[in-house]
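Heads up, the thing below is written out as structure tokens.
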Amino acid sequence: DAGITQSPRHKVTETGTPVTLRCHQTENHRYMYWYRQDPGHGLRLIHYSYGVKDTDKGEVSDGYSVSRSKTEDFLLTLESATSSQTSVYFCAISDRVENGYTFGSGTRLTVV
Amino acid sequence: GDSVTQMEGPVTLSEEAFLTINCTYTATGYPSLFWYVQYPGEGLQLLLKATKADDKGSNKGFEATYRKETTSFHLEKGSVQVSDSAVYFCALNNDMRFGAGTRLTVKP
Chain A
5 DAGITQSPRH
15 KVTETGTPVT
25 LRCHQTENHR
35 YMYWYRQDPG
45 HGLRLIHYSY
55 GVKDTDKGEV
65 SDGYSVSRSK
75 TEDFLLTLES
85 ATSSQTSVYF
95 CAISDRVENG
105 YTFGSGTRLT
115 VV
Chain B
315 GDSVTQMEGP
325 VTLSEEAFLT
335 INCTYTATGY
345 PSLFWYVQYP
355 GEGLQLLLKA
365 TKADDKGSNK
375 GFEATYRKET
385 TSFHLEKGSV
395 QVSDSAVYFC
405 ALNNDMRFGA
415 GTRLTVKP
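The following block contains the structure:
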């Protein structure tokens, strides 16, 4: 997707290890979001940011933390990964919430 | 809290059939409403949106009308193609809520 990239695309990690996922944008959009996608649940919001160093919790924030030290980067950290965090993680950006989002291609995370 | 409810799938149609995917919402105030589409192995793409009551969003032959009186935003297309096979998500910008998604398969 133009202007937003996620890394890595795939990752397998062991239970109890820390994991950081990166979202990078070149659109200079104010808002950035992390969602997880699981069968039967659609997308659920983990954390979001409305500016540099301004973040807030979403619906399923337990076990996750985020940081946004620059406009273009939004990091999602699993401090100690658990099997319940096996999921596909999507980053999204927006300039105005009423305009909708642009999504990244996703990161498939498997915790074994 | 605010929420979005979509019709459960999967939905299987023959090519050129008429499509309706139902979406209803519960929200405070006057949210913007969206439909997103996700093709296999990809992220979601914004398909269409409506920002106020009675607005009709449209794109690629799909359309949806913001009905405040019935709190609905149903997605329709008059003649589906095989290439429309995907998962469709209804969403509103209050609390950044998404529906569970409806998988559409169109057969030749």
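Chains A and B, in that order, give the protein sequences.
Numbers 5 to 116, taken from my numbering, label the letters of the first sequence in order.
Numbers 315 to 422, taken from my numbering, label the letters of the second sequence in order.
A virtual CB, placed ideally from N, CA and C, is assigned to each residue, including glycine.
- Listed along the chain, the chain B residues whose CB falls inside 7 Å of the CB of Val101 (chain A) are Asn407.
- Pairing Ile50 (chain A) with Leu79 (chain A) gives a Cβ-Cβ distance that is not under 9 Å.
- In the same chain as His33 (chain A), and ignoring 5 residues on each side of it, the C-beta atoms closer than 7 Å to its own belong to Ile97, Ser98, Asp99, in chain order.
- One alpha carbon belongs to Leu25 (chain A), the other to Val16 (chain A), and they sit about 12 Å apart.
- When rounded, the separation of the alpha-carbon atoms in Val401 (chain B) and Val420 (chain B) is 12 Å.
- When the beta-carbon positions are compared, Ser71 (chain A) and Glu83 (chain A) stay at least 9 Å from each other.
- In this structure, DSSP gives Ser71 (chain A) an extended state, which the three-state scheme calls strand.
- As for any beta strand (DSSP E) of minimum length 3 sitting wholly inside the stretch 324 to 373 of chain B, the runs are 325 to 328, 333 to 335, 337 to 340, 347 to 352, 358 to 364, 370 to 373, ordered along the chain.
- By the C-beta density criterion, Tyr350 (chain B) is buried, having at least 16 other C-beta atoms within 10 angstroms.
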